[in-house]
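First to last, the sequence lines map onto chains A and B. Per the working numbering, the first sequence starts with residue 23, numbered consecutively. Per the working numbering, the second sequence starts with residue 27, numbered consecutively. Report on the structure given below.
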Amino acid sequence: MKDMTAPPPVTETQVIRVVKAMRRDRRAQWGPVVLGTAGVLAFLLVWQLYSQFGPISDEFLPYPAQVLSQFFANFAYASFWASVGATLWAWMLGLAISSIAGLVVGVLIGSSRFLRKATFTVLEFLRPIPSVALIPIAALAFGPQLGAELLVIVYGCFFVVLIQTLYGVADVDKVAYETTLTMGMTWLQRARYLVLPTLLPYFITGVRLSATIALILGISAELIIGTDGLGQSVAQAQLNGAPVAMYALIITAGVLGIVINLGARAAERKVLFWHESIRAEVPA
Amino acid sequence: MSILKNVGYWLGLPILLILIWYFATLGDVSTFVPRPLPLWEKFASVWLGENILTDVVPSLGRLVLGLATSIVLGIVLGVLIGSIRAARWLSEPLLEFLRAIPSTIMIPVLLLIIGMNDQMRITVIVLGCLWPVLLNTITGVRSIDEVLSNSAKVYGIRGWKRVWHLVLPGASPSIMAGVRQSLAVGLILMVVSEMFASANGIGTLITNFQNRVAVPEMWSGVLLLGIVGVLLSAILALIQKGVLKWYDGLKAASHGN
Chain A
23 MKDMTAPPPV TETQVIRVVK AMRRDRRAQW GPVVLGTAGV LAFLLVWQLY SQFGPISDEF
83 LPYPAQVLSQ FFANFAYASF WASVGATLWA WMLGLAISSI AGLVVGVLIG SSRFLRKATF
143 TVLEFLRPIP SVALIPIAAL AFGPQLGAEL LVIVYGCFFV VLIQTLYGVA DVDKVAYETT
203 LTMGMTWLQR ARYLVLPTLL PYFITGVRLS ATIALILGIS AELIIGTDGL GQSVAQAQLN
263 GAPVAMYALI ITAGVLGIVI NLGARAAERK VLFWHESIRA EVPA
Chain B
27 MSILKNVGYW LGLPILLILI WYFATLGDVS TFVPRPLPLW EKFASVWLGE NILTDVVPSL
87 GRLVLGLATS IVLGIVLGVL IGSIRAARWL SEPLLEFLRA IPSTIMIPVL LLIIGMNDQM
147 RITVIVLGCL WPVLLNTITG VRSIDEVLSN SAKVYGIRGW KRVWHLVLPG ASPSIMAGVR
207 QSLAVGLILM VVSEMFASAN GIGTLITNFQ NRVAVPEMWS GVLLLGIVGV LLSAILALIQ
267 KGVLKWYDGL KAASHGN
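Okay, structure coming up:
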């Protein structure tokens, strides 16, 4: 804005504009990296100072250096990888089951106006029940087994995928639908060329949201029921009075969450490369 | 006639399902399967008595307090971070990481740091509910219509006035989406934080029933949480209708063309 008040140079305007644009570009390129790193470092510094001088004993809030070194040291232990593996396995199974079930039920309900209206009340009631409420029942029925964790994950994620699928089916363009009828398309062709492309972005969004929810639910189940996984390891570390291990495991859970987030977004971009919401991100 | 038909649609399937459920569980079934009549009796005796005051109200109080804190904090921080590019760059990686931590896993840590009290349970809720509001506010602030933003600049609207008349309304659809996500997360965290460590609350009571293997009582807790969830989302839908009246009208108008 300051530049606008200055009189524009008569000569070499083009050159100056290009140079300025390049400088802005470079700033936009490096700014996020430099400042982002600074932000993370500042956070670590505040943590260090707070655990050193703050009101909380450093036994309960260990220094970041201790936690980070434990985080990396964990990589050498087979038991660490076993609990990460258990969490990821339950996550994957739960996500797969709820995605497929949500898609199938969603398409079934969504393609009939009667079913859509008739199931409205039931869905609106079942959907907001927090699936963690099922944890005690799952714990009694299955014990600390994979089944208990899966029940919690699937109940939570199924409705997310289902609702997105319903939106997707409802979004099919009416004119386009009538056009396919006029063209004499078969049911299969209609599903492939009209319903699927409309539905896919919604469905993928549902799966992406579920990916995050499934991790939260899985870890909660492990924490409370005690099925194998990161959540159980954290609860164990708490019982053993090992805060450093506990914090290191929490950082692991955060890294897992980021990886899942980024992975889900990358997968979405790949599957929906043709869709306008993704194409719009490409600079023109 | 059409009213009758709608009522039929609303109640038809639920009644049918409950009837099927009733007849299917008349015989011998696994003790883990709930039956409609005992479930309703338990629900009335467990939750409609004095437990409403000793457990349900404290739970909901913590939830509402946690949600309100996260919404205010999320909007304030979100407007700040969303309007200042350097702040966005500074905080982006950190926020991405903090958001990715599954919030229930923080409960053991908060137990250590804060101790077993209401403050800790509210902190758990805030730590989970803050991110959806915060990140959606940032997105909303950034996606404000450029023409509107420039017009505001031309008219010399700045500072508080700009925030109040341009930024907040412009970001409100996105903010409301964040609040809706927070509501679901908050309900989860309310229950889990009480299951882990609490003197009272819906989650604590359900865990007590688990220890006594009182299955119908546990199911009645699930029923209660479902009702709470439905009521909360209905209240939110009402608020949203008021806040986003202009937006819905705008959308309807643009679809009409």
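No residue lacks a Cβ here, since even glycine has one placed at the ideal position from N, Cα and C.
query: Does any CB atom of chain A fall closer than 8 Å to the CB of leucine 58(B)?; result: The sequence given here has phenylalanine at residue 58(B), not leucine. Phenylalanine 58(B) counts as touching chain A.
query: Would you call the stretch 106-125 of chain B and the stretch 58-66 of chain A in contact, with 3 or more CB pairs under 8 Å?; result: yes
query: Are tyrosine 35(B) and alanine 267(A) close, meaning C-beta to C-beta below 8 Å?; result: no
query: Name the chain B residues whose beta carbon is nearer than 7 Å to that of asparagine 262(A)?; result: Near asparagine 262(A) there are no residues of chain B at all, since even the closest Cβ is about 11 Å away, more than 7 Å.
query: Does chain B have any CB closer than 8 Å to the CB of threonine 208(A)?; result: no
query: Following the continuous alpha helix (DSSP H) through leucine 137(B), name the residue where it begins and the one where it ends.; result: 132-139
query: Going by beta carbon distance, what residues of the same chain come within less than 6 Å of leucine 249(B), once the five residues before and after it are set aside?; result: Phe69
query: So is asparagine 283(B) buried or exposed if we call it buried at 16+ other beta carbons inside 10 Å?; result: Caution is warranted here: a pLDDT of 46 is assigned to asparagine 283(B), below 50, making its placement in the model unreliable, and the coordinate value is therefore given only provisionally. Exposed: under 16 other Cβ atoms inside 10 Å.
query: Using CA atoms only, rank isn't needed, just tell me which of Val293(A), Ser255(A) and Ala163(A) is closest to phenylalanine 58(B).; result: Ala163(A)
query: Just the C-alpha distance for isoleucine 107(B) and glutamate 146(A), rounded to the nearest angstrom, thanks.; result: 35 Å
query: Quick one: what's got a C-beta closer than 6 Å to alanine 203(B)'s C-beta in the same chain, skipping five residues either side?; result: Asn162
query: Would you mind stating whether leucine 245(A) and leucine 271(A) have Cβ atoms separated by less than 8 Å?; result: no
query: Could you spell out the range, first to last residue, of the alpha helix (DSSP H) harbouring proline 219(A)?; result: 218-247
query: If you pair each beta-carbon of the stretch 239-247 of chain B with each one of the stretch 145-161 of chain A, do three or more pairs fall below 8 Å?; result: yes
query: At the 8 Å Cβ level, is asparagine 96(A) part of the contact set with chain B, yes or no?; result: no
query: Which of the three DSSP states, helix, strand or coil, is assigned to phenylalanine 58(B)?; result: coil
query: Expressed to the nearest angstrom, what Euclidean distance is found between the alpha-carbon atoms of glutamate 172(B) and leucine 192(B)?; result: 11 Å
query: By how many angstroms is the C-alpha of leucine 30(B) removed from the C-alpha of threonine 143(A)?; result: 15 Å
query: What does the alpha-carbon distance come out to for the pair lysine 24(A) and arginine 287(A)?; result: Note that lysine 24(A) scores a pLDDT of 45, beneath 50, so its modelled location is shaky; the value from the coordinates is reported in the next line. Cα to Cα, lysine 24(A) sits roughly 39 Å from arginine 287(A).
query: With a threshold of 8 Å between beta carbons, is leucine 98(B) in contact with chain A?; result: Sequence check: residue 98(B) is valine here, not leucine. False, the Cβ-Cβ gap to chain A never drops below 8 Å.
query: Name the chain B residues that come within less than 8 Å of threonine 202(A), Cβ to Cβ?; result: Residues of chain B passing the Cβ test: none, with the nearest at roughly 23 Å.
query: For the alpha helix (DSSP H) containing proline 158(A), list its first residue and its last residue.; result: 157-164
query: Determine the extent of the alpha helix (DSSP H) in which serine 198(B) is found, giving its start and end residues.; result: 194-222
query: Counting along the chain, where does the alpha helix (DSSP H) carrying glutamate 122(B) start and finish?; result: 111-126
query: Taking DSSP as the reference, what is the three-state secondary structure of asparagine 96(A)?; result: helix
query: Applying the 10 Å Cβ sphere with the 16-neighbour rule, what's the burial state of leucine 156(B)?; result: buried
query: Straight-line CA distance for alanine 306(A) to histidine 297(A)?; result: Because alanine 306(A) sits at a pLDDT of 39, beneath the cut-off of 50, its placement in the model cannot be relied upon, and the point is left open.
query: Using the C-alpha atoms, what's the distance from threonine 109(A) back to valine 55(A)?; result: 31 Å
query: I want to verify the contact list: residues of chain A whose CB lies under 9 Å from the CB of tyrosine 311(B), in sequence order.; result: Outside the shown range of chain B (27 to 283) lies residue 311(B), about which nothing can therefore be said.
query: What's the call for glutamine 254(A), buried or exposed, on a 16-neighbour Cβ count within 10 Å?; result: buried
query: When the Cα atoms are used, what is the spatial distance from glycine 100(B) to isoleucine 235(A)?; result: 20 Å
query: Please list the residues of the stretch 69-89 of chain A that have a C-beta atom closer than 8 Å to any C-beta atom in chain B, keeping them in chain order.; result: Ile78, Phe82 and Leu83
query: Within a Cβ cutoff of 6 Å, which residues of the same chain sit near threonine 165(B), ignoring the five residues on either side of it in sequence?; result: Ser200
query: Answer with yes or no whether the minimum CB distance from glutamate 146(A) to chain B is below 8 Å.; result: yes
query: Relative to the alpha-carbon of glutamate 301(B), which residue among Thr230(B), Val211(B) and Gly212(B) has its alpha-carbon at the smallest distance?; result: Residue 301(B) is absent from the structure shown; chain B starts at 27 and stops at 283.
query: Using 8 Å for Cβ pairs, my map puts serine 286(B) next to valine 269(B). What's the rounded Cβ distance?; result: Residue 286(B) lies beyond the residue range present for chain B, which begins at 27 and ends at 283; the question has no answer from this structure.
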